[in-house]
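J.:
Number of protein chains: 2
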Amino acid sequence: MNIDQIIDNIYCIPETSRLLLKENINEVRLPKGYLLFKADKVETAVYFIKRGIARAYTYQNDNEITFWFGKEGDTIISMKSYVENKKGYENVDLLEECDLYELKTTNLQKLFDKDIHIANWGRKFAEKELIKTEERLISRQFQTASKRYKQLLTDNPDLLQRVQLSHLASYLGITQVSLSRIRAEK
Amino acid sequence: MNIDQIIDNIYCIPETSRLLLKENINEVRLPKGYLLFKADKVETAVYFIKRGIARAYTYQNDNEITFWFGKEGDTIISMKSYVENKKGYENVDLLEECDLYELKTTNLQKLFDKDIHIANWGRKFAEKELIKTEERLISRQFQTASKRYKQLLTDNPDLLQRVQLSHLASYLGITQVSLSRIRAEK
DNA sequence: ATTCTTTTTTAACATTTGTAAAATTATTAA
DNA sequence: TTAATAATTTTACAAATGTTAAAAAAGAAT
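Just so you know, the sequences run in chain order F and D. Sequential numbering from 105 applies to the first sequence in the working numbering. Sequential numbering from 105 applies to the second sequence in the working numbering.
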């Protein structure tokens, strides 16, 4: 998934604005297992995933809890860092070798004040992330773990091949034992 | 909480832009129990709460599940309607008589394309809502119902006086019986 | 104040989910 | 291939939460 597709997918902007944005984006290749974000740091960049898969997790009395997976086309971002310039809760590690598009947030902020199309692009970005986050919240509040697991399978059939079940279990908010029980059910 | 405070609290914009925004906002008083949003409708306005308290809920096999409370300074919005022009999941009713500032989304969209300050204000609005939604998700995934109840008490001590426990229980994702047990604990 | 209605708590029991440890299966490296 | 390691499932039991129904408490209406 290339950078033009990713930009347009968020919100279509005129060619000149897109070029302005792309001037501030550069591509990086990082190895599997690479720790991209650390929970105790203010992150200074956002990343768009060209290829690969990543995971965000945090610690809850000594055990890792995975709360996000991102793959091709998704954005790796620490919202707390991006919006409030504060430390986030997320550690992000790469579950595969990844090609990422890197964009420094300070540069992006400058573009927001200069170009109305990019400002609206940034607005659309936040709005779309918001919808995704809200859907995760709703699904978590309204659906049983079992239903959410099945939903995940239909929405992201590849995920099961790409991430291990212990991560998936904590993502679903249940133990690995419970997930095994759910998988054994049918 | 007046409209200038509410606007500035989201993001400070120049006087001229604020006036432009305020031209499109009008105040309404609505009675307790009023059903402001319906789940099967595309909502065409957003509301800022000047005074009062509201609740968003949805149905999950015949029982109501409350998933949001809003009070003075908060925004009543159907994100699905606002962002994607689709039906949302929320019914919103007013738990007290409310004074609301109403803003039609079509008018707001026009301002976004015309005024870069308002575009950035809209961006900040989405970003701040995103942070709030993310925090709710994180709290829901990482904390027990008991801890979330106690957190709610410290964050919003007035909430307990203003909403009934059955709503609070479903908001916390537990039954009313469980909530009673939690409250009885200490 | 008294009745009626609604809200909240309590109780008993069923179901779900968690914990810890062992068994199985899959993956990696020599 | 084989041993070593890591991931997943299974088991048995414990703890937490749900269900249903009844009791108690609080609030509203006459």
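Backbone N, C-alpha and C define an ideal beta-carbon position, used for all residues, glycine too.
Can you give me the Cβ contacts of F:M105 inside the same chain, cut-off strictly under 7 Å, excluding the 5 residues immediately before and after it?
T.: Answer for F:M105: K154, E176 and G177, listed in chain order.
J.: Thinking D:E147 and D:S185 are a contact (beta carbons under 8 Å), I'd like their distance in whole angstroms, please.
T.: Correct: roughly 4 Å between the Cβ atoms.
J.: Could you tell me the distance, in whole angstroms, from the CA atom of F:I169 to the CA atom of F:L263?
T.: Straight-line Cα distance between these residues: approximately 17 Å.
J.: Please decide whether D:F152 counts as near chain F, where near means a Cβ-Cβ distance under 7 Å.
T.: No, no contact with chain F.
J.: Just to make sure I have the definition right: I need the residues of chain D whose C-beta is within less than 8 Å of the C-beta of F:L234. Which are they?
T.: Those are M183, V187, A230, E233, L234 and T237, listed as they occur along chain D.
J.: Quick one: does D:R244 have its CB under 7 Å from some CB of chain F?
T.: At least one chain F Cβ lies under 7 Å of D:R244.
J.: Report the neighbours of D:A223 on chain F: residues whose CB is nearer than 8 Å to its CB, in chain order.
T.: The contacting residues are I220, A223, N224 and R227.
J.: At what residue ranges does the segment 140–218 of chain F contain a whole run of the alpha helix (DSSP H), taking only runs of 4 or more?
T.: 183–188 and 209–218, all fully within the segment 140–218 of chain F.
J.: Taking the C-alpha atoms as reference points, what is the distance between D:Y115 and D:F229?
T.: D:Y115 and D:F229: Cα-Cα distance of roughly 8 Å.
J.: Excluding sequence positions up to five away, which residues of its chain have a Cβ less than 8 Å from the Cβ of F:A149?
T.: Closer than 8 Å at the Cβ level, and outside the excluded window around F:A149, lie E206, L207, K208 and T209.
J.: With a threshold of 16 other CB atoms inside 10 Å of the CB of F:L139, please say whether the residue is buried or exposed.
T.: Burial call: exposed.
J.: Quick one, are the C-beta atoms of D:K236 and D:L198 less than 7 Å apart?
T.: No, they are not a contact pair.
J.: Let me confirm a value: D:Y163 is counted as buried when at least 16 other C-beta atoms fall within 10 Å, else exposed. Which label applies?
T.: D:Y163 comes out exposed.
J.: Among D:A249, D:E289, D:I111 and D:E201, which one has its Cα closest to the Cα of D:I129?
T.: Nearest option by C-alpha distance: D:I111.
J.: Mind reading off the beta-carbon distance from F:F216 to D:R227? Whole number of angstroms is fine, and I expect it under 8 Å.
T.: Between D:R227 and F:F216 the Cβ distance is about 7 Å, and since that is below 8 Å, they are a contact.
J.: According to DSSP, is F:I235 helix, strand or coil?
T.: If DSSP states are grouped into helix, strand and coil, F:I235 belongs with the helices.
J.: Beta-carbon of F:R159 versus every beta-carbon of chain D: anything under 7 Å?
T.: Answer no: the Cβ-Cβ gap between F:R159 and chain D never drops below 7 Å.
J.: Closest Cβ-Cβ distance between F:L215 and chain D: below 7 Å?
T.: No, because no Cβ of chain D sits closer than 7 Å to the Cβ of F:L215.
J.: With a threshold of 6 Å on Cβ separation, who are the neighbours of F:V132 within its own chain once the five nearest residues in sequence on each side are excluded?
T.: For F:V132, where only same-chain residues beyond five positions count, the Cβ hits under 6 Å are L204 and E206.
J.: Who are the near neighbours of F:W225 in its chain, counting only those whose CB is closer than 7 Å to its CB and skipping five residues on each side?
T.: If we look at F:W225 and ignore the five residues flanking it on each side, its Cβ neighbours are I114, Y115 and I117.
J.: Using a beta-carbon distance below 7 Å, is D:Q255 in contact with chain F?
T.: No, no contact with chain F.
J.: Run down chain F in chain order and give the residues with a C-beta less than 7 Å from the C-beta of D:G277.
T.: Near D:G277 (Cβ distances below 7 Å), the residues of chain F are Q245.
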